[in-house]
Amino acid sequence: MDKKSKIILIAGPTASGKSNFAIKLAKKVDGEIINTDSMQIYREIKILNARPKVKETKNIKHYLYGFYSVKKNFSTGDWLKKTIKLIKQIHNKNKIPILVGGTGLYFRAIINGLVKIPSIPKKFRNKIRNNHRKIGQKKFYNNLIKLDPLVISKISPNDAHRSLRAYEVKKYTKISLYKWFEKTRKNFDENDFLKIYIDCPRDDLIKRINTRVNKMISLGAVNEVKKFRHLKIRKDKTSNKVIGISEICKFLDGEQNIDTTKEQISIKTRQYAKRQRTWARNQMIDWEKVDYKMLGSFLKKIKISSLKLDQ
RNA sequence: GGUAACGUGGCGGAAUGGUUACGCAGAGGAUUGCAAAUCCUUGUAUCCCGGUUCGAUUCCGGGCGUUACCU
Numbered sequence: 243m244d245k246k247s248k249i250i251l252i253a254g255p256t257a258s259g260k261s262n263f264a265i266k267l268a269k270k271v272d273g274e275i276i277n278t279d280s281m282q283i284y285r286e287i288k289i290l291n292a293r294p295k296v297k298e299t300k301n302i303k304h305y306l307y308g309f310y311s312v313k314k315n316f317s318t319g320d321w322l323k324k325t326i327k328l329i330k331q332i333h334n335k336n337k338i339p340i341l342v343g344g345t346g347l348y349f350r351a352i353i354n355g356l357v358k359i360p361s362i363p364k365k366f367r368n369k370i371r372n373n374h375r376k377i378g379q380k381k382f383y384n385n386l387i388k389l390d391p392l393v394i395s396k397i398s399p400n401d402a403h404r405s406l407r408a409y410e411v412k413k414y415t416k417i418s419l420y421k422w423f424e425k426t427r428k429n430f431d432e433n434d435f436l437k438i439y440i441d442c443p444r445d446d447l448i449k450r451i452n453t454r455v456n457k458m459i460s461l462g463a464v465n466e467v468k469k470f471r472h473l474k475i476r477k478d479k480t481s482n483k484v485i486g487i488s489e490i491c492k493f494l495d496g497e498q499n500i501d502t503t504k505e506q507i508s509i510k511t512r513q514y515a516k517r518q519r520t521w522a523r524n525q526m527i528d529w530e531k532v533d534y535k536m537l538g539s540f541l542k543k544i545k546i547s548s549l550k551l552d553q
């Protein structure tokens, strides 16, 4: 078998200039780009996600962008499976895979692996969720710790999200979620990655976010949400959570003016950016941190030879 | 100019003669198949000057400010 290359990982808070940098890097090292963002996958949401425009991609192949319907749910596992496959394909073409995005969990999955827990049948899952809705989080949690005492120290009694997951896994597989976690295996070696985190100081980021929000509105974000609404997506679908949708809906319903709406979108976005930075500070300790202003000189320093791996 | 009401953290907003709720924003943290989600923790305030009182943000007087109405 011939040589394969490292996998380049580019993370960073929203609006830090990741996508742009990835394109430049791909051009330099002959790479192809894979989306690592849980919301960029949706076909029908383009403006609010700040998806790279085709004419800006400079003929660099982009995968997993806007390929999935907002009507369906997507998961970390789905992403990981597709991404591993794509990495192989790109390697076979002797090109370099570049993963770019803002979803810390996806990066963790590609680096540390994700346990293969049997997928929970829809009916089974919905039954549990309906029950949760009926009895409320408090009672649900009490049932959960009876079913699986291991979660007590792991999940906050108020965390509905994780409670549901732990419950369905234990109930369906008869094995605790936390027992499953112990079986996690990595898909790659530590040395297979070049991990880059783009950082941007808070004040600069706020300015960039505000500019971006204004741009989104002038590009037609309101219309995008109008169309999205016509699809009548069920409220429990993940796509509803794209920042801007619920805010613009309030505007469309006449509950607030456009300035308030913009402000709300900015606030939500910087809260998201804050969580991304917290994740990076504590979960991406060994990543190479690059200031967003230094990306130009950083790009020059990257040598293609250093990306090659002998197999 | 007169009368009245009000003046509480960055903002909104309770309460009280003796530990200043709470919400939002901000900060820190968690994060294994919904993650742009979900959850945890958290700093900072009673307009100013006097008086009454053991003790005033609260009661009284004055000042300043805001708002409403009147002239």
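Whatever position you read off the first sequence (first residue = 1), add 242 for the numbering used here.
Even for Gly, the Cβ is constructed at its ideal location relative to N, Cα and C.
Keep in mind that this is a model prediction, so the values were computed, not measured.
- In this structure, the straight-line span from the alpha carbon of residue 290 to that of residue 388 is close to 42 Å.
- Under the three-state reduction of DSSP, residue 253 is assigned to strand.
- Cα atoms of residue 476 and residue 322: separation of roughly 25 Å, rounded to the nearest angstrom.
- Straight-line spacing of the CA atoms in residue 330 and residue 269 works out to 19 Å.
- Counting only residues of its own chain and dropping the five nearest sequence neighbours on each side, residue 394 has a CB closer than 7 Å to the CB of 387.
- In this structure, the alpha-carbon of residue 406 lies about 22 Å from that of residue 517.
- Looking at 262, 457 and 311, the one whose alpha-carbon comes closest to that of residue 297 is 262.
- Between the C-alpha atoms of residue 247 and residue 281 there is a straight-line separation of about 28 Å.
- Closest by C-alpha distance to residue 434, out of 338, 535 and 486, is 338.
- A straight-line Cα-Cα distance of about 37 Å links residue 353 and residue 503.
- Minimum Cα-Cα distance from residue 255 among the listed residues 540, 506, 467 and 440 corresponds to 440.
- Proximity of the stretch 506 to 516 to the stretch 305 to 312 falls short of the contact definition, fewer than three beta-carbon pairs being nearer than 8 Å.
- When DSSP states are grouped into helix, strand and coil, residue 378 belongs to the helix group.
- By alpha-carbon distance to residue 420, the top candidate from 432, 523 and 397 is 397.
- Distance between residue 479 and residue 547, taken at the CA atoms: about 44 Å.
- If you look at residue 466, you'll find it isn't in any beta strand (DSSP E); it sits in the alpha helix (DSSP H) that goes 463 to 472.
- With contacts defined by Cβ atoms closer than 8 Å, residue 451 and residue 511 form a contacting pair.
- Contact between residue 467 and residue 491 is confirmed by a C-beta separation of about 6 Å, below the 8 Å threshold.
- Sequence-distant partners of residue 347 (beyond 5 residues in either direction) whose C-beta falls short of 6 Å from its own C-beta, in its chain, are 318.
- The three-state secondary structure of residue 319, taken from DSSP, is helix.
- Following the DSSP letters along the chain, one finds residue 436 inside the beta strand (DSSP E) bounded by residues 435 to 441.
- The DSSP-derived three-state label of residue 361 is coil.
- With contacts defined by Cβ atoms closer than 8 Å, residue 551 and residue 250 do not form a contacting pair.
- In the DSSP assignment, residue 275 falls within the unbroken beta strand (DSSP E) covering 273 to 277.
- Residue 267 counts as buried, since no fewer than 16 other beta carbons sit within 10 angstroms of its beta carbon.
- For residue 411, the uninterrupted alpha helix (DSSP H) segment begins and ends at 402 to 415.
- Residue pairing by DSSP places residue 284 opposite 310 in a beta bridge.
- Inclusion of residue 383 and residue 442 in the CB contact set at 8 Å is not warranted, their separation being larger than that value.
- Using a Cβ distance threshold of 8 Å, residue 283 and residue 316 count as a contacting pair.
- With at least 16 other beta carbons inside 10 angstroms of its own, residue 349 counts as buried.
- By the criterion of a C-beta distance shorter than 8 Å, residue 260 is surrounded in its chain by 252, 253, 254, 342, 343, 344 and 440, once the five residues flanking it on both sides are discounted.
- In the three-state reduction of the DSSP assignment, residue 432 falls in the helix class.
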